[in-house]
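Structure record follows, encoded as structure tokens.
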Amino acid sequence: MARSASLLTAGIVAGAILLGILHLAAGDAASRSLSLSLALGAVFGVVLQRARFCFFCHTRDLVEGGDPRGVLSILIALAVGAAGYVLVVGAWLPVPLPGRLPPDAHIGPVSVVLAGAAFAFGLGMAISGSCISAHLYRLGEGSPTSPFALIGTIAGFVLGFLTWNTLYLAVISNAPVVWLPHHLGYAGTLGATFLVLALLAALALRFSRGTAEPVTSRPLDLRSVAHALFVARWPAAIGGIAVGVLSAASYLRVGPLGVTAEIGSLARTAANAAGWLPDTLHGLDTFRGCATAIQTALLSENGVFITGLVGASFVAALLAGQFAPRRPTGKDVVAGLAGGLLMGWGAMTALGCTVGVLLSGIHAGALSGWVFLFASGAGLLAGLPLRRRLASA
Amino acid sequence: MSISRSWAGALVAGALALFLPVAALAQQGPLVDAEWLSKNLDNPKVRVFEVSVDPGVYERGHIPGAVNINWHTDLVDTVRRDIASSAKFQDLLQKAGVTKDTTIVLYGDNNNWFAAWGAWVFNIYGLGDQVKLLDGGRKYWEKLGLPLDTKVPAYARSDLTVSAANPQLRARLADVLEVVDGKKNAVIVDIRSPDEFSGKLFAPEGSRELSIRAGHVPGAKNVTWSKAVDPETGKFKSKEELKKLYADAGVDGSKPVIVYCRIGERSSHTWFALSRILGYEVRNYDGSWTEYGNAVGVPIANVAGTVWQGK
């Protein structure tokens, strides 16, 4: 796309998002909340795109390229968000009394099903080349795989609904919902979180094979700052800190970050209308996580959040000259659909994805977040050879 | 109206300047205005409770100083399907520092439905003279753009003791059946929607608590709860308007009244209007249609003639 056309398109989309935010902000309390969701989604989209924040690519960069910066950025996001959540939750529930959980925080049931679902999710990330949140921002970059990955995800969700009742009755209904502050207190949970993250950071640095980019000292003028802001990739630490702050801010004002509630709701509403779903999905709507309610309103908080995310990452990609659509090949289609299917099933069964369960869960002090981290990490590592084979096929 | 209100406001402000406890009681009647409450948030004789049903509503911003009451666990006995025991209820109020001369203000989401249930429970435990509803609830407070806070307050524990439960405010299935059988003279008010009343619907959209029969208690009058409020503000209509609304349906206070809905929370709202605002003798039947409609061997009226097909 020509530079001027890019800038014009970016201006129009950015203007539309801004107008949407202002229009919703002028309404009643529910509408103001939608306005904030749209704004937070837009900020999240910009941060993801500019920092290239991606659970899969960061891990692959470390494993295959020896570059630990991305993984460190994820670990920083986890640490900053965990501290932010303690600030918020500590005000709402001054004492983590037994039987009480912070409202709608993503603290899910811990079982072998969660581990299996997260493993499948990790495998799906490796095959399709991104997790769901990264596919959403890549949609804004014109990725040839992402549309198919998201279609696969919707199909995977439907598959998840079909297997839910069996898994629920056999395992999930008896699975404990573990909130670490109940056992370790707030300080203990935060300390343990920092310790594990520090160990993971040390491990990541052990695998580091690259050399740090030389720091070039250039005069700080408008041109260089604009380049750093709009074109160059944001430093990993900035991306991580921004994601962590955004997660706590979103929890304080709207709800935990998550990107699959809307996709799941669309899948459930469509599959329900088509008559594919069982009449009752046992216990599903009682769990904490990326809720997949049948759609009743046109605009949902998660729906406008996703709209803001995709729209703003599109604007950011256009400005950076990173909007590069190309015609999808057969491989793109197969990798997207297959990986998406695995991720959709995993995200439905685990009640969320790398954002909803891993990020928002670990931030909230949920054991389920940690289980997702390690199991999806294992799935990802197992999937990397598959991806290489697919690429060379 | 506005002139008399501003005069009342001036009087309240004057009383506030002279003597705080008087100000707390200066708001006569069972309702308090958002405007009055916003000026009495620091009054130690006023204690505000939020009774919202949606999770996270209180935490993300409540009236400054308000204490959270979780309807699903704090006000009910989940095992017995009963209201909270007096010991549990007393503990809740002691922790919130409520004393014999505290003015208790309740408010909540969903048009004060659950706050009204709260007011009914407070009345059952003998605190009827102290408890008031914030007229318009959360909705009106937010509409006025009044401040919200996310901090959870801590109050010094009080030594309040609550009375034994007053059975006169609560109707049981047996009480309702006595009216249906003509053994007792009372008027029953069904406050659900006309479609639930006629039997076209088993339960409103999105409700899981079902009865396997649709319809209503024979002889019941249907006055949907929402007719008692101004849809714009969520505030109760004036006493005169309420009197006419219910009198037109044959409820004029000459006979005792029993109100019910599906699970007893919306009917608490009508209970409040009839009992606290109009001063009629009213019982809330909290078993409501989920108990009555499912009870074996009791008659119903089902105008629509719907039959439960297991779907």
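In order, the protein sequence lines correspond to chains X and W. Position 284 (the first sequence) corresponds to 434 in the numbering used here; numbering is contiguous. Position 121 (the second sequence) corresponds to 1022 in the numbering used here; numbering is contiguous. We treat Cβ as the ideally placed atom computed from N, Cα and C, and that holds for glycine. These figures come from a predicted structure and were not determined experimentally.
Query	Result
Suppose contacts are defined by Cβ-Cβ distances below 8 Å. Is residue 964(W) in contact with residue 1034(W) by that definition?	no
Tell me the start and end of each unbroken alpha helix (DSSP H) in the stretch 381-409 of chain X that is at least 4 residues and wholly inside, in chain order.	386-403
Shorter than 8 Å from the beta carbon of residue 538(X) to some beta carbon of chain W?	no
Between which two residues does the beta strand (DSSP E) holding residue 1008(W) run?	1004-1008
What did DSSP end up calling residue 252(X) once you bin it into helix, strand or coil?	coil
Would DSSP call residue 1033(W) helix, strand or coil?	strand
Assuming residue 530(X) and residue 276(X) form a contact by the criterion Cβ under 8 Å, report the distance between their Cβ atoms to the nearest whole angstrom.	5 Å
Should residue 542(X) go down as buried or exposed, given a rule of 16 or more other Cβ atoms within 10 Å for buried?	exposed
Along the beta strand (DSSP E) that carries residue 949(W), what are the first and last residues, could you check?	947-951
Can you tell me whether residue 1040(W) is buried or exposed, with buried defined as 16 or more other CB within 10 angstroms of its CB?	buried
Using 10 angstroms around the beta-carbon of residue 899(W), count the other beta-carbons present and answer buried if the total reaches 16, otherwise exposed.	This structure cannot speak to residue 899(W), because chain W is shown only from 902 to 1212.
Straight-line CA distance for residue 1028(W) to residue 427(X)?	49 Å
What do you reckon, are the CB atoms on residue 1012(W) and residue 1135(W) nearer than 8 Å?	yes
Name, going along the chain, the residues of the stretch 950-976 of chain W whose beta-carbon falls closer than 7 Å to a beta-carbon of chain X.	956, 957, 960 and 961
Give me, in chain order, the residues of the same chain whose beta-carbon lies closer than 6 Å to that of residue 925(W); leave out the 5 immediate sequence neighbours on both sides.	Reliability of the predicted coordinates at residue 925(W) is poor, the pLDDT of 46 falling under 50, and no value is obtained from them.
Need the endpoints of the alpha helix (DSSP H) that residue 210(X) sits in, please.	205-215
Note down, in chain order, all residues in the stretch 1044-1065 of chain W with a beta-carbon under 9 Å from any beta-carbon belonging to chain X.	1044, 1051, 1052, 1053 and 1055
What are the start and end residues of the alpha helix (DSSP H) that includes residue 975(W)?	972-975
Kindly indicate the opening and closing residues of the beta strand (DSSP E) around residue 1161(W).	1158-1161
Under 8 Å Cβ-Cβ, which residues of chain W neighbour residue 254(X)?	956 and 957
If you run the structure through DSSP and keep just helix, strand and coil, what is residue 1144(W)?	helix
Going by DSSP in three states, residue 1122(W) sits in which element: helix, strand or coil?	strand
In chain W, which residues lie less than 8 Å from residue 241(X) when you measure between Cβ atoms?	1051, 1052 and 1053
Could you spell out the range, first to last residue, of the alpha helix (DSSP H) harbouring residue 1187(W)?	Where residue 1187(W) is concerned, there is no enclosing alpha helix (DSSP H), given that its DSSP letter is neither H nor E.
Taking DSSP's pairing of strands, which residues face residue 1137(W) in a bridge?	1130(W)
Enumerate in chain order the residues of its own chain whose CB-to-CB distance from residue 1074(W) is below 7 Å, with the five nearest sequence positions on each side excluded.	1188, 1192, 1193 and 1196
Give the range of the beta strand (DSSP E) segment to which residue 1090(W) is assigned.	1088-1091
Using 8 Å as the threshold, is the C-beta distance between residue 223(X) and residue 194(X) below it?	no
Quick one: what's got a C-beta closer than 8 Å to residue 1146(W)'s C-beta in the same chain, skipping five residues either side?	1124, 1128, 1129 and 1138
Kindly list the residues whose CB is nearer than 7 Å to the CB of residue 334(X), restricted to its own chain and excluding five residues on each side of it in sequence; keep chain order.	342
Taking only three categories from DSSP, how would you classify residue 432(X)?	coil
Measure from the C-beta of residue 233(X) to each C-beta in chain W and report whether the shortest distance is under 8 Å.	no
Is residue 185(X) near residue 168(X), with beta carbons less than 8 Å apart?	no
For residue 440(X), I'd like the list of residues in its chain whose CB is within less than 7 Å of its CB, leaving aside the five on either flank, ordered along the chain.	408, 410, 411, 414, 501, 502 and 506
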